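Participant:
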Amino acid sequence: MSDSGPWFYAWCDEAARLDAFEAALGALVHPKARCDVAITSLDAPAEIWRRSILIDEVVTVIRAAFAPGTHVSVDFGAQLRSGRWPCFDIECFGEEYERRHPSGPVRGSPFDRRDLLSSSLEIAAGTMRGVEIEAAIASIQVQQDIEDLLIRLCAPEAHGHVKTGACVDVGHWGAPVETCATYHADAASVARDLALSWVHLHEGDKTALTAGMSLELLRARIDAAPHGAWVGIAGDVDLLRQHTRMDWAAAASRDTRPTRVDAVRRGARAPIEGDAELTRETVLKALDTPPSLLLDALEASAVPDDDWRSVESTARETIAATKEGAATYQADVVSRKHVQFIKRHAPFHVQRLPTGGVMLATHPYRTLWPLWADALFALGIVP
31 MSDSGPWFYA
41 WCDEAARLDA
51 FEAALGALVH
61 PKARCDVAIT
71 SLDAPAEIWR
81 RSILIDEVVT
91 VIRAAFAPGT
101 HVSVDFGAQL
111 RSGRWPCFDI
121 ECFGEEYERR
131 HPSGPVRGSP
141 FDRRDLLSSS
151 LEIAAGTMRG
161 VEIEAAIASI
171 QVQQDIEDLL
181 IRLCAPEAHG
191 HVKTGACVDV
201 GHWGAPVETC
211 ATYHADAASV
221 ARDLALSWVH
231 LHEGDKTALT
241 AGMSLELLRA
251 RIDAAPHGAW
261 VGIAGDVDLL
271 RQHTRMDWAA
281 AASRDTRPTR
291 VDAVRRGARA
301 PIEGDAELTR
311 ETVLKALDTP
321 PSLLLDALEA
331 SAVPDDDWRS
341 VESTARETIA
351 ATKEGAATYQ
361 ADVVSRKHVQ
371 FIKRHAPFHV
381 QRLPTGGVML
391 ATHPYRTLWP
401 LWADALFALG
411 IVP
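If you want it as structure tokens, here you go:
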């Protein structure tokens, strides 16, 4: 698998993509920071390259060159909530470019996944130690950074250009319930996560192209599926990686590659052992559920488990002590025990935003499906 990512995606209408891109740059780039800009085009061989320019000049260059067939990439140092400054890249794809190479229309990622998912951390030495505490510290800092970056990409200054978005650590922008974070400008449309997941998994559509469809159109497509139809959901990242490898292998063969540019595969994704089952009827019932009840159930299902609660306060105290300059030791936070603790216990967050939107998030070692599964069970939608 690629060492890039996590990837951050934002979907907006064609007329708003450049405004959304500029707003995201304004939220992510320090006014005095220097950026590198590259602009390529499907329609002309010429490329535009600018090195080490301020954000005002970046905007001027992009405005002058942006067209339906262009791809814009801006590189810069982004300050994270954890205090780190990773190299970050944010891209914008014109409408025609997006049709041929669906990827966005706005996408961002660090240059190296280790910039977000560090292999080691400096941790205050004067507090309690332990694998669970170290893993919780790593999880808290990563989740803060993931959530902050997704909000700055999708909803800087409440501009409202972006309708939905996601953070993906495995492969492309696939089923939202298999990502580690999703954003919706309107909290009432949170069921879009399930609808888009069905269309992606059952019909093979690329989420980058269907993300902006209305819930009514998505519901009609789901309703058109045969009664009793179901798809397999990867409840953890290991299963998702298996599915992603299978999709990539199929796409590499002439006999099995997708027959249309807007598809990631031919038809429904084959289930594998360990998948959860999501039925057509479950998705339709969720779409018919009042959004307020759905959000209440998601919030109730996001309560951390006992293992997490037993270490969270100590982890947060240790983070504070580290920031205050306490003596530190270096901890390896990617050992098997650290990773397993995060996979099993990292919490889910359901944030109702002041703008009227909502964000669901967890650590990239997990997916959002366990949160959705518990919420659907609590509502009696699944047995």
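Taking my numbering, the leading residue of the sequence shown gets 31, the next gets one more, and so forth.
Note that beta-carbon positions come from the ideal geometry of N, C-alpha and C, so glycine has one too.
None of these values were measured; they are calculated from a predicted model.
(1) Expressed to the nearest angstrom, what Euclidean distance is found between the alpha-carbon atoms of residue 41 and residue 226?
(2) Just to confirm, are residue 132 and residue 394 a CB contact at a threshold of 8 Å?
(3) Residue 71 to residue 347, Cα distance in whole Å?
(4) May I ask you to verify whether the region 323 to 337 touches the region 280 to 300, counting CB pairs closer than 8 Å and requiring at least 3?
(5) Let me make sure I understand the geometry here. Which of 150, 219 and 382 has the alpha-carbon closest to that of residue 321?
(6) Could you check whether residue 203 and residue 237 sit closer than 8 Å to each other, using their CB atoms as the reference points?
(7) For residue 41, name the three-state secondary structure that DSSP assigns.
(8) May I ask which residues mark the beginning and end of the alpha helix (DSSP H) holding residue 117?
(9) What would DSSP say about residue 106, mapped onto helix, strand or coil?
(10) Residue range of the beta strand (DSSP E) that residue 193 falls in?
(11) Return the chain-ordered ranges of every alpha helix (DSSP H) run that is complete within the region 233 to 282 and spans a minimum of 4 residues.
(12) Going along the chain, which residues of its own chain have a beta-carbon closer than 7 Å to the beta-carbon of residue 364, five neighbours each way excluded?
(13) Do you know how far the Cα of residue 314 is from the Cα of residue 253?
(14) I need the DSSP call for residue 390, collapsed to helix, strand or coil.
(15) Tell me whether the beta-carbon of residue 184 lies closer than 8 Å to the beta-carbon of residue 192.
(16) Beta-carbon within less than 6 Å of residue 165's beta-carbon, same chain only, minus the 5 sequence neighbours each way: which residues are those?
(17) By Cβ distance, which residues of its chain are closer than 6 Å to residue 198, with the 5 residues on each side in sequence left out?
(18) Given a threshold of 16 other Cβ atoms within 10 Å of its Cβ, counted over all protein chains shown, does residue 81 qualify as buried or as exposed?
(19) Alpha carbons only, please: which of 356, 255 and 181 is nearest the one belonging to residue 6?
(20) Tell me the residue span of the beta strand (DSSP E) that contains residue 382.
(21) Taking the alpha-carbon of residue 304 as reference, which of 316, 53, 265 and 134 has the nearest alpha-carbon?
(22) Entirely within the region 60 to 103 and at least 3 residues each: give me those beta strand (DSSP E) ranges in chain order.
(23) Indicate the three-state DSSP secondary structure (helix, strand or coil) for residue 285 in the structure shown.
(24) For residue 117, count the other beta carbons within 10 Å of its own beta carbon; 16 or more makes it buried, fewer makes it exposed. Which is it?
(25) Taking the alpha-carbon of residue 19 as reference, which of 281, 317, 182 and 258 has the nearest alpha-carbon?
(26) When you compare only the Cα positions, how much space is there between residue 157 and residue 344?
(27) CA-CA distance, residue 215 and residue 181?
(28) So, helix, strand or coil for residue 307, using DSSP?
(29) Using C-beta distances below 8 Å, list every residue in its chain close to residue 113, excluding the 5 sequence neighbours before and after it, in chain order.
(30) Helix, strand or coil: which one does DSSP assign to residue 150?
(31) Is residue 290 near the ligand GTP, judged by its Cβ being under 7 Å from some heavy atom?
(32) Are the beta-carbon atoms of residue 64 and residue 48 separated by less than 8 Å?
(33) Can you give me the Cβ contacts of residue 248 inside the same chain, cut-off strictly under 6 Å, excluding the 5 residues immediately before and after it?
(34) Can you grab the Cα-Cα spacing for the pair residue 385 / residue 187, in whole Å?
(35) Applying the 10 Å Cβ sphere with the 16-neighbour rule, what's the burial state of residue 359?
(36) Taking all protein chains shown into account, do 16 or more other C-beta atoms lie within 10 angstroms of the C-beta of residue 206, making it buried, or fewer, making it exposed?
Facilitator: Looking at the atomic coordinates:
(1) 13 Å
(2) no
(3) 50 Å
(4) Contact fails: fewer than three Cβ-Cβ distances are below 8 Å.
(5) It is 219.
(6) yes
(7) strand
(8) It is not in any alpha helix (DSSP H) - residue 117 instead sits in the beta strand (DSSP E) that spans 117 to 123.
(9) strand
(10) 192 to 198
(11) 237 to 240, 245 to 253 and 267 to 281
(12) 149
(13) 7 Å
(14) strand
(15) yes
(16) 368, 371 and 372
(17) 37 and 209
(18) Counting every other CB atom within 10 Å of its CB across the protein chains shown gives residue 81 a total below 16, marking it as exposed.
(19) The displayed coordinates of the chain run from 31 to 413. Any statement about residue 6 would go beyond what the structure contains.
(20) 379 to 382
(21) 265
(22) 65 to 71 and 78 to 83
(23) coil
(24) exposed
(25) In the structure displayed, the chain extends from 31 to 413; residue 19 sits before or after that span and is not available.
(26) 8 Å
(27) Straight-line Cα distance between these residues: approximately 10 Å.
(28) strand
(29) 353
(30) strand
(31) Among the ligands in the structure shown, none appear at all, so the ligand GTP cannot be discussed.
(32) no
(33) 225
(34) 9 Å
(35) By the neighbour-count rule (16 or more Cβ atoms within 10 Å), residue 359 is not buried but exposed.
(36) Buried is the call here.
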